[in-house]
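Engineer: Residue 208 in numbering that gives the first Met the number 0 sits at position 209 of the sequence shown, and the numbers go up by one each step. Quick reminder that beta carbons are idealized off the backbone N, C-alpha and C, glycines included. First the structure, which I've put down as structure tokens, then a few questions once you've had a look.
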Amino acid sequence: MTGAVTVRAFAKINLGLRVRGIRPDGYHELHTVFQTVALSDTLTFRVGGTAFRMHCTRDDVPVDERNLVWRAAAALWGALGRASALPPVSVVIRKTIPPRAGLGGGSADAAAALLALARLWRARVPAGALERIAADLGADVPFFLCGGTALGLGRGDEIYPLADTPPLHVVIAYPPFGVSTSEAFGWYEADRASQRTGRAGRNPTERPPAIWRPDSAGVTNDLEPPVVRRHPAIGDVLRRLRAAGAASAAMSGSGSAVFGLFPDAARARQAAARVSRHGWVARATRTLTREQAAARFVVRARPPWPAASRPGRRR
Ligand code: C5P
Numbered sequence: 000m001t002g003a004v005t006v007r008a009f010a011k012i013n014l015g016l017r018v019r020g021i022r023p024d025g026y027h028e029l030h031t032v033f034q035t036v037a038l039s040d041t042l043t044f045r046v047g048g049t050a051f052r053m054h055c056t057r058d059d060v061p062v063d064e065r066n067l068v069w070r071a072a073a074a075l076w077g078a079l080g081r082a083s084a085l086p087p088v089s090v091v092i093r094k095t096i097p098p099r100a101g102l103g104g105g106s107a108d109a110a111a112a113l114l115a116l117a118r119l120w121r122a123r124v125p126a127g128a129l130e131r132i133a134a135d136l137g138a139d140v141p142f143f144l145c146g147g148t149a150l151g152l153g154r155g156d157e158i159y160p161l162a163d164t165p166p167l168h169v170v171i172a173y174p175p176f177g178v179s180t181s182e183a184f185g186w187y188e189a190d191r192a193s194q195r196t197g198r199a200g201r202n203p204t205e206r207p208p209a210i211w212r213p214d215s216a217g218v219t220n221d222l223e224p225p226v227v228r229r230h231p232a233i234g235d236v237l238r239r240l241r242a243a244g245a246a247s248a249a250m251s252g253s254g255s256a257v258f259g260l261f262p263d264a265a266r267a268r269q270a271a272a273r274v275s276r277h278g279w280v281a282r283a284t285r286t287l288t289r290e291q292a293a294a295r296f297v298v299r300a301r302p303p304w305p306a307a308s309r310p311g312r313r314r
């Protein structure tokens, strides 16, 4: 096997996230709308060398079996029925998406690895198999095989592509601290339990509100109140984004990042400048449609990949 490819792994935000209850497997039943944004990590896969090796530009990201990219490679290799150890590939991850921020960075990298390696290994992966491997890696991973605007049900891993939202200018702001997903769901449960002793808690079987649309009032994230209670700085930045003219502002996924939606690029840039302080980093970016994300997936490839069968295009 030969070849090399550099691909972009785009981040996501959640244009709404409702928790509908706990499942028998301990996960939470979700109703969420994922949206690809132009913020991306870049991953290079080069077949060859002496072993499967990883390098990452952030030294707080593990570069062994703990990394989702490594686990994605191992799961794909196993699914191909090639029982031997992983073949020699050099993987370089250039991180831009902050970890533990609710932007899906690790999951995006894992999905990019599945798509890139399936191609480099000339793997014939049966329909649906890549999605199943992705769902086993993590609840967010299947979305990144699809991209654009998509509804996530179940654990967030049952993906239904939606019509792309009209282009939105987005400011993504993240603090110097991260939030772990399991911790955020734990806080959600703790708050629900304490509310039940006072007033009645929300009925998890109630019909969720309509999903977010460009003309709807705002984005609701059920994980936001419990996370903001533990990290009030997140609430402060949400207020600053609204004061800077955001049509809507919310936490992304389980945090710690927040985002604001702006009517134009100039206002988004001004808002980013206003919220970049006290250790927060803010970036003005925009949403990408499924087509745009697929077209920007491959940065360069050797040998060149035919456009008609480029990865990232599921349908
Ligand atoms: O699937 P993933 O590894 O990303 O999930 C991390 C943790 O987040 C899970 O172990 C679980 O505690 C929590 N989670 C959840 N319900 C979901 C997704 C994640 O409770 N739908």
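1. Assuming contact is defined by CB atoms lying nearer than 9 Å, are Ala249 and Ala107 in contact in what I supplied?
2. The ligand C5P and Asp139: does any heavy atom of the ligand fall closer than 8 Å to the residue's C-beta?
3. Should Leu29 be counted as a contact of the ligand C5P given a C-beta to heavy atom distance under 8 Å?
4. Report back the beta-carbon spacing between Lys94 and Val62 to the nearest angstrom; my notes put them in contact at under 8 Å.
5. Please classify His277: is it buried, with 16 or more other beta-carbons within 10 angstroms of its beta-carbon, or exposed?
6. Taking the beta strand (DSSP E) that Ile96 falls in, what are its first and last residues?
7. With burial defined as no fewer than 16 other Cβ atoms inside 10 Å of the residue's Cβ, what is the status of Tyr187: buried or exposed?
8. Residue range of the beta strand (DSSP E) that Ala246 falls in?
9. In three-state terms, what does DSSP make of Thr1?
10. Cβ of Val90 within 9 Å of Cβ of Val68?
11. If we count the other Cβ atoms within 10 Å of its Cβ and call it buried at 16 or more, is Val257 buried or exposed?
12. Is the closest heavy atom of the ligand C5P to the C-beta of Ala155 under 8 Å?
13. CB-CB under 7 Å to Asp40, same chain, minus the five flanking residues each way: which ones, in chain order?
14. With Leu240 and Gly259 assumed to form a contact (beta carbons below 8 Å), what rounded beta-carbon distance in angstroms separates them?
Structural biologist: Considering the structure as presented:
1. Position 250 of the sequence shown, counting from 1, holds the residue named residue 249. Position 108 of the sequence shown, counting from 1, holds the residue named residue 107. Using a Cβ distance threshold of 9 Å, Ala249 and Ala107 do not count as a contacting pair.
2. Walking along the sequence shown from the start, residue 139 turns up at place 140. Yes, Cβ of Asp139 sits closer than 8 Å to a heavy atom of the ligand C5P.
3. As a working note, residue 29 is residue 30 in the sequence shown. Between the ligand C5P and the CB of Leu29, the shortest heavy atom gap is smaller than 8 Å.
4. For the purposes of this step, residue 94 is taken as residue 95 along the sequence shown, with counting starting at 1. For the purposes of this step, residue 62 is taken as residue 63 along the sequence shown, with counting starting at 1. Rounded to the nearest angstrom, the Cβ distance from Lys94 to Val62 is 11 Å, too far for a contact under 8 Å.
5. The residue given as residue 277 occupies position 278 in the sequence shown. Exposed: under 16 other Cβ atoms inside 10 Å.
6. Taking the sequence shown and counting its residues from 1, one reaches residue 96 at position 97. For Ile96, there is no enclosing beta strand (DSSP E), as DSSP marks it with neither H nor E.
7. Here residue 187 corresponds to residue number 188 of the sequence shown, with the count starting at 1. Taking all protein chains in view, the Cβ of Tyr187 is crowded by 16 or more other Cβ atoms within 10 Å, so the residue is classified as buried.
8. Residue numbering aside, residue 246 sits at position 247 when the sequence shown is read from its first letter. It is not in any beta strand (DSSP E) - Ala246 carries neither H nor E in the DSSP assignment.
9. Indexing the sequence shown from 1 puts residue 1 at position 2. DSSP places Thr1 in coil when its eight states are reduced to three.
10. The count along the sequence shown starts at 1 and reaches residue 90 at position 91. The count along the sequence shown starts at 1 and reaches residue 68 at position 69. Against a cut-off of 9 Å, the Cβ pair of Val68 and Val90 comes out as a contact.
11. Counted from its first residue, the sequence shown places residue 257 at position 258. Val257 is classed as buried because its beta carbon has at least 16 other beta carbons within 10 Å across all chains shown.
12. Indexing the sequence shown from 1 puts residue 155 at position 156. Correcting the residue type first, residue 155 is Gly in the shown sequence and not Ala. Gly155 Cβ: within cutoff of the ligand C5P.
13. One-based indexing of the sequence shown puts residue 40 at position 41. Excluding positions up to five away in sequence, the list reads Ala8, Ile92, Arg93, Lys94, Thr95, Ile96, Gly104, Ala107 and Asp108.
14. Taking the sequence shown and counting its residues from 1, one reaches residue 240 at position 241. Taking the sequence shown and counting its residues from 1, one reaches residue 259 at position 260. Correct: roughly 4 Å between the Cβ atoms.
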